[in-house]
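Q: I am attaching a structure below and will ask some questions about it afterwards.
There are 2 protein chains.
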Amino acid sequence: MSTVSIKDVAARAGVSPGTVSNVLNRPEKVAGSTRDRVESAIRELGFVRHGSASTLRAGHSRTVGLSVIDIGNPFFTDVAAGVEDLASERGYAVILGNSSGSRVKEERNLLVFAEQRVRGVLITPSDEDPVRLDMLRDRGIAVVLVDHPAERPDQCAVAVNDVTGGAMAVQHLLAGGFERIAYVTGPAAIRQCQDRRRGAERALAAGGRDPLELREVSMPAMTAAAGQQAAEKLLAQDLLPDALFCANDLLAVGMLRGLLQAGVRVPEDVSLIGYDDIDFASASTVSLTSIRQPTYQLGRVATELLLDECDNPDTHAHQQIMFQPDLVVRESTR
Amino acid sequence: MSTVSIKDVAARAGVSPGTVSNVLNRPEKVAGSTRDRVESAIRELGFVRHGSASTLRAGHSRTVGLSVIDIGNPFFTDVAAGVEDLASERGYAVILGNSSGSRVKEERNLLVFAEQRVRGVLITPSDEDPVRLDMLRDRGIAVVLVDHPAERPDQCAVAVNDVTGGAMAVQHLLAGGFERIAYVTGPAAIRQCQDRRRGAERALAAGGRDPLELREVSMPAMTAAAGQQAAEKLLAQDLLPDALFCANDLLAVGMLRGLLQAGVRVPEDVSLIGYDDIDFASASTVSLTSIRQPTYQLGRVATELLLDECDNPDTHAHQQIMFQPDLVVRESTR
DNA sequence: AGATGTGATTGTTACGTTTTAATCGATGAC
DNA sequence: GTCATCGATTAAAACGTAACAATCACATCT
Numbered sequence: 248m249s250t251v252s253i254k255d256v257a258a259r260a261g262v263s264p265g266t267v268s269n270v271l272n273r274p275e276k277v278a279g280s281t282r283d284r285v286e287s288a289i290r291e292l293g294f295v296r297h298g299s300a301s302t303l304r305a306g307h308s309r310t311v312g313l314s315v316i317d318i319g320n321p322f323f324t325d326v327a328a329g330v331e332d333l334a335s336e337r338g339y340a341v342i343l344g345n346s347s348g349s350r351v352k353e354e355r356n357l358l359v360f361a362e363q364r365v366r367g368v369l370i371t372p373s374d375e376d377p378v379r380l381d382m383l384r385d386r387g388i389a390v391v392l393v394d395h396p397a398e399r400p401d402q403c404a405v406a407v408n409d410v411t412g413g414a415m416a417v418q419h420l421l422a423g424g425f426e427r428i429a430y431v432t433g434p435a436a437i438r439q440c441q442d443r444r445r446g447a448e449r450a451l452a453a454g455g456r457d458p459l460e461l462r463e464v465s466m467p468a469m470t471a472a473a474g475q476q477a478a479e480k481l482l483a484q485d486l487l488p489d490a491l492f493c494a495n496d497l498l499a500v501g502m503l504r505g506l507l508q509a510g511v512r513v514p515e516d517v518s519l520i521g522y523d524d525i526d527f528a529s530a531s532t533v534s535l536t537s538i539r540q541p542t543y544q545l546g547r548v549a550t551e552l553l554l555d556e557c558d559n560p561d562t563h564a565h566q567q568i569m570f571q572p573d574l575v576v577r578e579s580t581r
Numbered sequence: 248m249s250t251v252s253i254k255d256v257a258a259r260a261g262v263s264p265g266t267v268s269n270v271l272n273r274p275e276k277v278a279g280s281t282r283d284r285v286e287s288a289i290r291e292l293g294f295v296r297h298g299s300a301s302t303l304r305a306g307h308s309r310t311v312g313l314s315v316i317d318i319g320n321p322f323f324t325d326v327a328a329g330v331e332d333l334a335s336e337r338g339y340a341v342i343l344g345n346s347s348g349s350r351v352k353e354e355r356n357l358l359v360f361a362e363q364r365v366r367g368v369l370i371t372p373s374d375e376d377p378v379r380l381d382m383l384r385d386r387g388i389a390v391v392l393v394d395h396p397a398e399r400p401d402q403c404a405v406a407v408n409d410v411t412g413g414a415m416a417v418q419h420l421l422a423g424g425f426e427r428i429a430y431v432t433g434p435a436a437i438r439q440c441q442d443r444r445r446g447a448e449r450a451l452a453a454g455g456r457d458p459l460e461l462r463e464v465s466m467p468a469m470t471a472a473a474g475q476q477a478a479e480k481l482l483a484q485d486l487l488p489d490a491l492f493c494a495n496d497l498l499a500v501g502m503l504r505g506l507l508q509a510g511v512r513v514p515e516d517v518s519l520i521g522y523d524d525i526d527f528a529s530a531s532t533v534s535l536t537s538i539r540q541p542t543y544q545l546g547r548v549a550t551e552l553l554l555d556e557c558d559n560p561d562t563h564a565h566q567q568i569m570f571q572p573d574l575v576v577r578e579s580t581r
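From first to last, the protein sequence lines are chains A and B. With my numbering, letter number 161 in the first sequence gets 408, and the count goes up by one each step, no holes. With my numbering, letter number 33 in the second sequence gets 280, and the count goes up by one each step, no holes.
Listed below in structure tokens is the structure:
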């Protein structure tokens, strides 16, 4: 339970606490010989800086908060990996918050971030209410939106064009000559779901079809389990669509499982396209056509922007970065 | 940038800072009317407790550290979900550290945990060196091992019996009458890999076979990409095994992909069994026989033990919990 | 020699909270 | 009427660090 402080180190090295602090934070300010002495004292005593004391005094911490919608989704895991890698390189710790699509949990996580006085927050919002984020900004906490376009010009955001992605998906289905296309989606509050539908409708219109003919199956979650339930829901109807566009790959994987179990063949009876191109899309029962996104990059770039905003507040220019998705064709639409 | 402190709240409510602190930490100690006054002052001013100041003074924080080997592996994601859920219920924040199997990164993460003065650490160690953990315990930070048996009696650990699991897998293959069984594994430093091999050898011996006949393909990582490389490695040899036991499902999924691409049929030419029973095991090209573990429970129970050790240090009894795995048979071994 | 400058180091204060002992006001016992 | 008791509240002292102004030693310049 030894709690060795900067004072103990100072005593041991025969310097003042201030010098030890300098060695820790501005090594170039202190003479080589004293620095060595301090450093070996640190090593001998096993001193570890007290992050809270440092944060309290300095007014800001070396942590960032990351709030995602579903940590069980490989999409967010990849994003998290990108965030973690860069943050860790820059000496920042990442506090993880999983909202599970629940607004309450999201708010609770943001509160924790505020209490911890994180330097900044990376968030994929679970709905469109920007108020809670202002609460953070008012406290001087930088916020970068991840996989979500900026709500205002004075903020950073990194996203992938979901309208284009949705259009790509349906355009691909239309090229296959399909007649009855359905969109399998998650909660309406999630922006990605809306945008992808908008893209889908746009592609229908561009193909000379009525956007209103797009059938929709909406689920409360975007997991494989929900996808399987969506399959049951779909099979209970009289006329099965001949092509399905799922709002993400987890829904698609579950849908695939549900269809196959019911004896519906993919792609012979129904074509299927997912979204995200998670690692497993290419390894699923019937390999999955999907829309690929630069996931890891998304997390990394977002973190880059966030840390720039934190470390260079005056030179920092807010940026809205929009990546473009790619279509990856596989068996499920052949 | 308003930074409203406990003092401002006190002024507004017409009480002393100490009373505000009591409202925050021991509400039962303060009279109902004053409590109400303080609470509305808190609300009106938008006060959020400064976690660092609190930690500094109280001597401990409301955060726990979670160090995993590969956040890209659904196994660990499920564990993390269990941890996050319980921690969040109890008002704790989770700091995530991903070691990516690198000892250096793991050490860096543990240092960050120490600096943040986390209340406790949950860790799936990436190798067998217990020294670094002592560094944490010496600082009064509780440590619970996750998916790893205890190294000493005075610590908590939650694990699943990997020897049994390995034996189950190979026993299942032997029952299928296979002759040439190979074990596809990750880094030797990872205990899980060793234990599962030990179980495999034990099953061979129990089946009247020579344990030494177990061929081994060892990869530096336990990812799908590594599994695919393992397939190439295997295909370069003259005599293909007729059954493969992969140390985890990611390796198995990659292996499956590699084999199918080379025209090797599963299970007709080669049987395949994985480990972990991740969600995608049942959805892969050929659905995967696997060894199921109570993953989410693992994380939740570990956190339960950790928080008990933190909050009730005197009544806490160290526990070593060992779950048992299950065999789930699917197409890949039929 | 004295003045000036430079680089290295130190003393002190403040950050926002928790905690302990001390204070206060009121109630009831004698 | 005095005194003890009790619950509610307060004042003040930490916790470990960062930051800034102040000091110091010493070399360089005039």
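Backbone N, C-alpha and C fix where the C-beta goes; we use that ideal spot for every residue, glycine too. Predicted, not measured: the structure shown is a model, and the values here were computed from it.
Give the secondary structure of B:Leu487 by DSSP, where H, G and I count as helix, E and B as strand, and everything else as coil.
A: coil
Q: Give, in chain order, every residue of the segment 547-568 of chain A whose Cβ lies closer than 7 Å to some Cβ of chain B.
A: none
Q: With DSSP as the reference, label B:Thr470 as helix, strand or coil.
A: coil
Q: According to DSSP, B:Ala340 sits in a beta bridge with which residue or residues?
A: B:Thr310
Q: With DSSP as the reference, identify every bridge partner of B:Arg539, one or two as the case may be.
A: B:Asp523 and B:Asp573
Q: Can you grab the Cα-Cα spacing for the pair A:Leu303 / B:Gly298, in whole Å?
A: 9 Å
Q: By how many angstroms is the C-alpha of B:Ala278 removed from the C-alpha of B:Ser268?
A: If you take the alpha carbons of B:Ser268 and B:Ala278, they lie about 13 Å apart.
Q: For a contact meaning CB atoms closer than 7 Å, what does A:Asp526 contact in chain B?
A: Ala471
Q: Would you mind telling me which residues of chain A sit closer than 9 Å to B:Ser531, beta carbon to beta carbon, in chain order?
A: Phe527, Ala530, Ser531 and Thr532
Q: If you follow the beta strand (DSSP E) that B:Val351 is part of, which residue opens it and which one closes it?
A: Run containing B:Val351: none in the beta strand (DSSP E); it sits in the alpha helix (DSSP H), Arg350 to Glu362.
Q: Using 8 Å for Cβ pairs, my map puts A:Arg366 next to A:Arg309. What's the rounded Cβ distance?
A: 7 Å
Q: Report the option in A:Val575, A:Gly319, A:Val256 and A:Ala258 whose CA atom is closest to the CA atom of A:His419.
A: A:Val575
Q: Among B:Ser252, B:Asp317 and B:Gly329, which has the Cα closest to the Cα of B:Gly293?
A: B:Ser252
Q: For A:Asn345, list the residues DSSP reports as bridge partners.
A: A:Val315
Q: Who are the neighbours of B:Gly298 on chain A, taking C-beta pairs under 7 Å?
A: Glu362, Gln363 and Arg364
Q: Buried or exposed, going by whether 16 or more other CB atoms sit within 10 Å of the CB of A:Ser518?
A: Result: buried.
Q: Measuring straight from C-alpha to C-alpha, what distance separates A:Ser314 and B:Asn559?
A: 30 Å
Q: From B:Leu491 to B:Thr432, what distance separates their C-alpha atoms?
A: 10 Å
Q: From A:Leu459 to A:Gln567, what does the alpha carbon distance come to, in whole angstroms?
A: Roughly 32 Å separates the two Cα atoms.
Q: Go through the segment 359-442 of chain A residue by residue and report every complete run of the alpha helix (DSSP H) that reaches 4 residues or more, in order.
A: 378-385 and 409-422
Q: Quick check on the burial criterion: 16 or more other C-beta atoms within 10 angstroms. Buried or exposed for A:Gln571?
A: exposed
Q: Within the 7 Å Cβ cut-off, does A:Thr324 reach chain B?
A: yes
Q: Hey, quick one: how far does the alpha helix (DSSP H) through B:Arg456 stretch, first residue to last?
A: Annotation for B:Arg456: no alpha helix (DSSP H) segment contains it, and DSSP assigns it neither H nor E.
Q: Could you tell me the boundaries of the alpha helix (DSSP H) in which A:Asn272 lies?
A: Pro264 to Asn272
Q: B:Asp573 to A:Tyr543, Cα distance in whole Å?
A: Looking at the backbone, the Cα of B:Asp573 and that of A:Tyr543 are separated by about 34 Å.
Q: Please determine, among B:Val341, B:Thr371, B:Phe360 and B:Arg364, the residue with the shortest C-alpha to C-alpha distance to B:Ser347.
A: B:Thr371
Q: Quick check on B:Gly329: buried or exposed, where buried means 16 or more other Cβ atoms within 10 Å of its Cβ?
A: Its Cβ being crowded by 16 or more others within 10 Å, B:Gly329 is buried.
Q: According to the Cβ coordinates, are B:Leu383 and B:Arg547 closer than 7 Å?
A: No, the pair does not count as a contact, with Cβ atoms beyond the cut-off.
Q: Does the Cβ-Cβ distance between A:Ala414 and A:Gly446 come in under 7 Å?
A: yes
Q: Can you have a look at A:Gly306 and say buried or exposed, based on whether 16 or more other CB atoms are within 10 angstroms of its CB?
A: exposed
Q: Does A:Val390 come within less than 7 Å of chain B when only Cβ atoms are used?
A: no
Q: Could you check which residue in A:Lys276, A:Asn272, A:Ala257 and A:Ser301 has the C-alpha nearest to that of A:Ile289?
A: A:Ala257
Q: Any beta carbon from chain B within less than 7 Å of A:Val341's own beta carbon?
A: So yes, A:Val341 belongs to the interface.
Q: Of all Cβ atoms in chain B, is any one closer than 7 Å to the Cβ of A:Glu331?
A: yes
Q: Excluding five sequence neighbours on each side, which residues of the same chain lie with their C-beta closer than 8 Å to the C-beta of A:Ala361?
A: Met382, Leu383, Arg386 and Ile388
Q: Would you decide whether A:Leu451 is buried or exposed? Buried here means 16 or more other CB atoms lie within 10 Å of its CB.
A: buried
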